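Everything below concerns the one structure shown next.
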Amino acid sequence: MSRDLLLLLEPGFTDPRYPGERFICPGGAPIEGLLASDPARVARLDVQRVPFERPRQAVVEVLDEAHQGLPVLVLGDEQPVPADAQTLGERRFITDTRRILDLLAERHGFPKVH
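As numbered in the UniProt record's numbering, residues 1 to 114 make up the sequence shown, in order.
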């Protein structure tokens with residue numbers, strides 16, 4: 001059985017187009033905040049933070065080169081797949097930040113967004 005896999009950009013990444021500056025992902029920041037609020041629950045899924053530069057090899061290996069946008073929650077087979085999941089071959093995944101937050105609450109017991 002496979003676990004859910006959450007792929008995020010590394011916080012504080014750099015972009016060669018903006019030398020000397022560091023960034024966070026606007027979609028990943030609320031997810032990082034939720035993860036930080038309950039570290040014990042993070043152990044219920046796999047979390048991987050990847051560099052900003054493309055190709056993002058870790059993402060390509062799980063999805064493909066055309067689906068490198070982050071954040072993404074790749075759904076494992078330990079729980080039912082929601083009807084709104086995107087499909088790529090046998091993989092099911094979610095890319096919407098709000099929906100990822102909702103699923104982290106539903107599937108892994110994190111606090112819900114109010």
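Glycine included, each C-beta is placed from N, C-alpha and C at the ideal position.
Since the model is a prediction, treat every value here as computed from it, not as a measurement.
(Q) Given a cut-off of 8 Å on the beta-carbon distance, is the pair L7 and Q57 in contact? (A) Indexing the sequence shown from 1 puts residue 7 at position 7. Indexing the sequence shown from 1 puts residue 57 at position 57. The answer is no: Cβ separation not under 8 Å.
Note to self: If contacts are defined as beta-carbon pairs under 8 Å, then L63 and L5 qualify, I think. What distance do you get, rounded to the angstrom?
What the structure shows: For the purposes of this step, residue 63 is taken as residue 63 along the sequence shown, with counting starting at 1. For the purposes of this step, residue 5 is taken as residue 5 along the sequence shown, with counting starting at 1. That belief does not hold up - the Cβ atoms of L63 and L5 are roughly 10 Å apart, past 8 Å.
Excluding five sequence neighbours on each side, which residues of the same chain lie with their C-beta closer than 7 Å to the C-beta of L104?
Translated into the one-based positions of the sequence shown, residue 104 becomes position 104. Only L34 and F110 meet the Cβ criterion.
- Message: Suppose the cutoff is 8 Å on Cβ atoms and the five residues either side in sequence are ignored; what does the same chain contact list for Q68 look like?
- Response: Residue 68 sits at position 68 when you count from the first residue of the sequence shown. Result list for Q68: R54, P55, R56, V59 and V60, in chain order.
**Asked** Do you know how far the Cα of P82 is from the Cα of I94?
**Response** As a working note, residue 94 is residue 94 in the sequence shown. As a working note, residue 82 is residue 82 in the sequence shown. One C-alpha to the other measures close to 9 Å.
>> Between which residues of its own chain and I24 is the CB-CB distance below 6 Å, once the five residues before and five after are set aside?
In response: Here residue 24 is taken as the residue at index 24 of the sequence shown, counted from 1. Closer than 6 Å at Cβ, skipping near neighbours: P11.
Secondary structure at L6, three-state DSSP: helix, strand or coil? As a position in the sequence shown, residue 6 is number 6, starting the count at 1. Note: L6 maps to strand in three-state DSSP.
Next item on the list: Check each candidate in L88, A66, A85 and T14 and name the one with the smallest Cα separation from V50.
Entry: Residue numbering aside, residue 50 sits at position 50 when the sequence shown is read from its first letter. Looking only at L88, A66, A85 and T14, the smallest Cα-Cα distance to V50 is reached by T14.
- Distance CB(V74)-CB(R99) smaller than 8 Å: Looking up residue 74 in the sequence shown gives position 74. Looking up residue 99 in the sequence shown gives position 99. Taking 8 Å as the Cβ cut-off, V74 and R99 do not qualify as a contacting pair.
- Item | Endpoints, the beta strand (DSSP E) within which V42 is located | Taking the first residue of the sequence shown as position 1, residue 42 is located at position 42. Not the beta strand (DSSP E): V42 falls in the alpha helix (DSSP H), residues P39 to V42.
**Report entry** Straight-line gap, V42 to D102 (C-alpha atoms, nearest Å)
**Finding:** Position 42 of the sequence shown, counted from the first residue, corresponds to residue 42. Position 102 of the sequence shown, counted from the first residue, corresponds to residue 102. Approximately 15 Å, taken between the alpha carbons.
From A29, H114 and R22, residue whose alpha carbon lies closest to that of L70: As a working mapping, residue 70 is identified with position 70 in the sequence shown. Residue A29 is the option with its Cα nearest to L70.
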